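The structure appears right after this line, and notes come after that.
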Amino acid sequence: MADATVHIPPPRPADHQQNEMWVDEQIWGHRLWDSQSPWLLFLEFLSVAEAKHREGSLLDERGQLYPLQFWPNKRMSLRNLLFNNECMPRIAARVSDNAAAWTAWLKEIHETAQAVPSPDFSYLQKHFRDFHQLELVISLLRAAAIESDSNRRWTSRFAFPFGPAGIYEDLSVKGSGHPSREYINFTRSGELLYLMLCRAKTAAELRAPLARFLCSDHPWNKLLNILQPGEDMDRSRRDGSFLPWRTHDTFDKLGEDWLAVCNLRLPGFDAYPFLVTLSALHLSLYHLAVAADQCRCERPRFLCEIVAPRKTLVRELSTANFLENTQLPRRAIESLVADIEQSPEWVQSLSEPGAFSLCKAILLDRVRWPRDPEDYDGPEVPETLISALRTAALRRHRQHNANVHRSFGGGAGLVSRRGTNRLRYAPNDSLLKALVLANVRQRMEFGEFLKRLYDRYGFVFGEREAELVLGREDLDKRAFQANAERLERRLATLGMLRRLSDACGYVINPLWSVGTP
Amino acid sequence: MSITGANWIRFLRQHGPRPRNDTMYDEQIHRVARRLGVQPLNFDHPLEARLLSTFSPDVPTPISVVLTGTAGDGKTHLCGKVWQYLDGDRAAWDSDETYFTKPILVAGRPVTLHLIRDLTALPQSDEQGRYTSKESLLQRLSKSITAPDSSDVFLIAANDGFLLEAWNRAGEDPNAAFVRNLFEQLLVEDRAEEPGRPLLFLNLSRQPCAILFDLATNALINHPGWSACYQSVVTDGFFSEHCPIRRNLELLRDPVVLSRLRNLFELCDQSDLHIPIRRILLLLANAILGHPEVSDRLMQPGDIARLIASRTTSKASLYNNFFGGNLSETKRESLEIFEYLNRFRIGHETSNRIDNILIFGAADDALRPFFDRLVASDPYYGANDEFRAAQSAYVETSGEDDASPGAFLSTLVSQRRRLYFTIPEDMADQVRLWDLTIFQYAGEYLERVLGPLRQRRQVERAILSRLVKGLNRVFTGLLTTTDRDLLLATSLSYSGARVSQILDDRVPVSPRLHERIELTLQHDRPGLAVCLAQGVGRTLRLNLTRYEFLSRVAEGALPGSFSRECYEDILAFKSQVLAALAERRRSEPEPGPQALYLRLLDLDPVGNAVDQPVEVLNG
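Protein chains in written order, with the working numbering: chain A, 2 to 518; chain B, 1318 to 1936.
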């Protein structure tokens, strides 16, 4: 059962009227959904962080654990310039005279720009004398956009976050021209990520590095600033996200990994891809860890295969392992419902008169269901009622939350189908790099590195850890030894391993330098 | 008793690739040598003098020594030398004992020497009661290093991995933990001493194998055993004119063959591949005695008559044996020395020119002089009967017969290997010797880069320009021809992106103020140093693979094709140089806030990188 001092009571139901029930949310929070790519997750986080930094409370909840309220930027002028500006390259190609090009473009953008109160872009002429140079700069910035090859609507395209001038929230613009917020690209996982970092042990130490990322001194940020007509005052309040844990060991691990990467002081924004990967990984681990705790069973382990040219035993075990782990969240839902069914008050109510109404009241209190008559119209029998709850909860869970492990795990590079047709755990190069940067300071002996990955994340690569998970009898040591050797070779190709002799290898962090804390 | 030729060959066979248990190798060799009445191969290890001097009576303080490395580096052998130097008991050394103690006089005072000749074989408890447990012994050693004025001195030989592992298990002793960290640091940083600590840490794996090769080969080809062979000639048999063992020995004494083989060892050094002494001796023994159709694949005196009669002596080609061509594939792949040498792909790499000489040289007028000088001059391993027969069958066959191409092509491998070792120096450039290996620029690397740098001379400008061009192509992701400046390019978001079109800065190759680019030598390894300011710069270590990679990219290869590892290395180097640039900028005065200035890279029709400035006014 959740520790009362750590588990936070849910917010009042009126805040989340649209939720059919409050089951996934009590376990994982509101809300953890799939179908958000890791970069979008990170960008959502940045939109919250930037807003909070502006208020002066970066990574600091100041004791108020709910609600998370913030006023993110919209920056519609910039977004129109970058992503709703098809006329610009056309005019630049057709019209060679500078003044004529400016006139033509200003006229056309005035008509086609959306969701900007007064679409007058003539301020740009003060900074760019040459129209063609402006066009060059804008196409450069557009090329540097995040995931520029995806097919999203223009209001869901994101410039590279060079600083606060390039950070904004996801919006949609309907016919009326007013931007509105939908939660399909920014699905609130980024807000949960922000809350997790606030509650991690290393939150205080993370403030300085994050503030550096969010400072406006970077030349590209200044460039983005110049493209906009002054401070963006059009902001709306966003809130509603809820994270049900005051503290959690997965938050601490997330915070430690982030801090390790930030402390490397990588040039420019080189740290971002690693932070993105690690965030997706830790969200996936949080998802399973909380599920395992709810089921009161052991935390999950991950048998990882380093891809071999032929099918190996490790791959088969890993496939089975993945299937087993994906069942955990579903079992957590069932366990929650079972807990209600076995709770003293429910059992008590069964024997009292008006059992059904009492039981229904218990359910309304615990999971806010059934509220509408359509929710449940079966016989007024408690057993049927709770059975219906189970079915409805699982159905709802399957739509989004059940896929989080596959979705974020895949985004992090942990879960993949590479070389086969079934999903299993096969860490890719960018995940391996991120793990080395986050865990290895200057160097670490290879066996120690494997042990650390097992202790912190539950990853099994070599035979020692496999023995801990699978037991001695079933184990084919050679298969896991070969797996560990392949990992060594992979790390060596990435420039992150140094062999001294047959029995001695050191994982090295090539980006660590003597001044790193 | 004087040695006989047959006994010498029998002894030499012991060094070859035979199935054997590798522990206590040194002791076994000595036992066999005594039994056969043969003097074992002996040469002074380069570190022997330094080692022995640590135990001389007039050294200032008593120092403990750790000898580490991989199996076959000569650790036990050197321990034996020390034991002998200190007049240790010969009979005890010849036993199976692993741990020895002896009171000795060092730095004017008596101490106890504890000699462990193989830490792996040290028993957990001592029958003679000299120590209670392995852990207590290691703790005692740790104390002798951390506490001053100890009365114990140790000499331990252990493989590097096992050394650290053993200390890990030496219990909760704080001294042991300290010493373990010290060992690790010395191992990884490649140092032999720590100031203030009575410890000498010799890593025998760090010995350049080219030097060990010289010593081993010298000891082998000048061994008196060979004169005994010359005196025990059997007509049409052992050591007769057609005996392959004799032929191989005489070829091995050829300076060109030796120098080409030495080049390969030198290149292994430069690629950070270590070859222990035991394997060098294995290679040489296999080279002289190897033949695919005898027992253990190593010839014996009794085999020779049969081989001559059946006319299969050409299969004992020295040049093929160097690469383990006489061994089975599994055996070859299991021995790392053959695996390293086979990485050069000698025999499988070739050029049209060389193959034309081999295939058509006998008949073609233009190629005939080359053929005569390079191939026909050697009737045993060159243009021998087998070769001529296979060649004419290959050339004249209409192509319907499947069998003959295979046979000829496998002799071609052997011939190409022979050519690598025998092309005379004056023809090396003309025929392009190094096209026979996968490292086409290896010859240039040895002669025009490593050579001048070792003699403290400058490397030719043309080579430096080529390297800079290669770097520019990787840095920018464009097919640029710029070679006078190093282009430090980034993309907007990451420094490690494949195509980087924003120019951060140009660093000129010719010195200007404090900026310059030059080739340097550090710890006998060439490097490309980029200097941005006084004391601000980064160096790229140029091992053979990176040199080959950059040269190939400069000549048109795509960066992703030759080696992915190299490509990642070079991008990491770019990241470091950009970090150094940022460091330099921090110490420069801030430019005024007047304008934002970008330089976009593009290529002109010739391929020179031109930058297009974009200016943004800060109204």
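The C-beta atom is built at its ideal place from N, Cα and C for all residues, glycine as well. Values in this document were obtained by computation on a predicted structure and should not be read as measured data.
Segment contact: the segment 349 to 362 of chain A against the segment 451 to 465 of chain A, fewer than three CB-CB distances shorter than 8 Å; contact not assigned. Membership of I334 (chain A) in the alpha helix (DSSP H) is indicated by the continuous run L314 to Q343. DSSP, read as helix, strand or coil, puts P274 (chain A) in helix. N74 (chain A) sits in coil when the DSSP states are folded into three classes, being neither helix nor strand.
Beta-bridge annotation (DSSP): M445 (chain A) is paired with A:V508. In this structure, A:S417 is the residue among A:F462, A:F447 and A:S417 with its C-alpha nearest to the C-alpha of L324 (chain A).
Distance between A1707 (chain B) and I1676 (chain B), taken at the CA atoms: about 10 Å. A Cβ of chain A is located within less than 7 Å of the beta carbon of S1810 (chain B).
S417 (chain A) sits in a strand when the DSSP states are folded into three classes.
Listed in chain order, the positions of the segment 122 to 135 of chain A with a beta carbon within less than 7 Å of a beta carbon of chain B are K127, H128, F129 and Q134. The beta carbons of T327 (chain A) and H398 (chain A) sit no closer together than 7 Å. Pairing A1424 (chain B) with P1377 (chain B) gives a Cβ-Cβ distance under 7 Å.
Listed along the chain, the chain B residues whose CB falls inside 8 Å of the CB of A145 (chain A) are S1808, L1809 and S1810.
Contact annotation: in the segment 1466 to 1483 of chain B, residues whose CB is within less than 9 Å of a CB in chain A are N1476, D1477, G1478, F1479, L1480, L1481 and E1482. Q229 (chain A) has its alpha-carbon roughly 15 Å from the corresponding atom of R236 (chain A). Around the CB of K127 (chain A), fewer than 16 other CB atoms lie within 10 Å, so the residue is classed as exposed.
Using a Cβ-Cβ cut-off of 7 Å, C263 (chain A) does not count as an interface residue toward chain B, since no Cβ of chain B sits closer than that to its own.
Identification of chain A residues near D1886 (chain B) by a Cβ-Cβ cut-off of 8 Å yields G496, ordered along the chain. A1475 (chain B) and T1385 (chain B) do touch by the CB rule: their CB atoms are close to 6 Å apart, below 8 Å. By the Cβ test, the segment 1753 to 1767 of chain B is in contact with the segment 1855 to 1871 of chain B, since at least three Cβ pairs between them sit closer than 8 Å. D1802 (chain B) sits in a strand when the DSSP states are folded into three classes. Cβ contact annotation for Y1762 (chain B) (same chain, cutoff 7 Å, sequence separation greater than five): L1861 and Y1864, in chain order. Scanning chain B for C-beta atoms nearer than 8 Å to the C-beta of F270 (chain A) yields S1810 and Y1811, reported in chain order. Interface annotation, E1666 (chain B): not in contact with chain A, CB-CB separation never under 7 Å. Taking C-beta separations shorter than 7 Å and ignoring five residues to either side along the sequence, the partners of P1357 (chain B) in its chain run I1346, H1347 and A1350, following chain order. Residues of chain B with a Cβ closer than 7 Å to the Cβ of K223 (chain A) are, in chain order, L1913. By the neighbour-count criterion, in which a residue is buried when 16 or more other Cβ atoms sit within 10 angstroms of its Cβ, Q1929 (chain B) is exposed. Here L1439 (chain B) is not near Y1448 (chain B), since their CB atoms are 7 Å or more apart.
In this structure, G164 (chain A) and L211 (chain A) do not form a Cβ contact; the two beta carbons are roughly 12 Å apart against a cut-off of 8 Å.
The shortest C-alpha to C-alpha distance from G1723 (chain B) to any of B:F1704, B:T1371 and B:R1335 is the one to B:F1704. For Q1839 (chain B), the enclosing beta strand (DSSP E) has its first and last residue at R1833 to Q1839. L1504 (chain B) reaches chain A at L501, counting residues in chain order whose Cβ is nearer than 7 Å. Contact annotation: L1458 (chain B) and F1479 (chain B) have beta-carbon atoms that are not nearer than 7 Å.
For L1770 (chain B), not one C-beta of chain A is nearer than 7 Å to its own C-beta.
Neighbours of F252 (chain A) in chain B, taken as residues at a C-beta separation under 9 Å, are lacking, since the least C-beta distance is about 28 Å.
Using beta-carbon distances, A1622 (chain B) does not count as an interface residue toward chain A, since no partner is under 7 Å.
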